[in-house]
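Residue numbers (the working numbering): 121 to 187.
See below for the structure under consideration.
Below is the structure:
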């Protein structure tokens, strides 16, 4: 997956569980970590987790802000 992301001619965003092995595998890419709440087994049953957002491509020309 890291090879495909690195070889892409366009830009891509990939999200994965925040795990040391994933951080090492995608270390050459820009990434950020966000805290999330997974719902497990129905309403009210949440579990805190963190997710990696991994960016492929040149982000230097991205607009500032959410859009």
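The C-beta atom is built at its ideal place from N, Cα and C for all residues, glycine as well.
message: Checking 9 Å against the spacing of the C-beta atoms, do residue 132 and residue 176 come in under that value?
response: yes
query: What is the residue span of the alpha helix (DSSP H) that residue 142 lies within?
result: Residue 142 -> alpha helix (DSSP H) spans 140–145.
field: residue 162, enclosing beta strand (DSSP E) - first and last residue
entry: Premise fails: residue 162 is in no beta strand (DSSP E) and is neither H nor E.
- prompt: Any idea what DSSP makes of residue 121, helix, strand or coil?
  reply: Residue 121 sits in coil when the DSSP states are folded into three classes, being neither helix nor strand.
message: Between which residues of its own chain and residue 142 is the CB-CB distance below 7 Å, once the five residues before and five after are set aside?
response: 136 and 172
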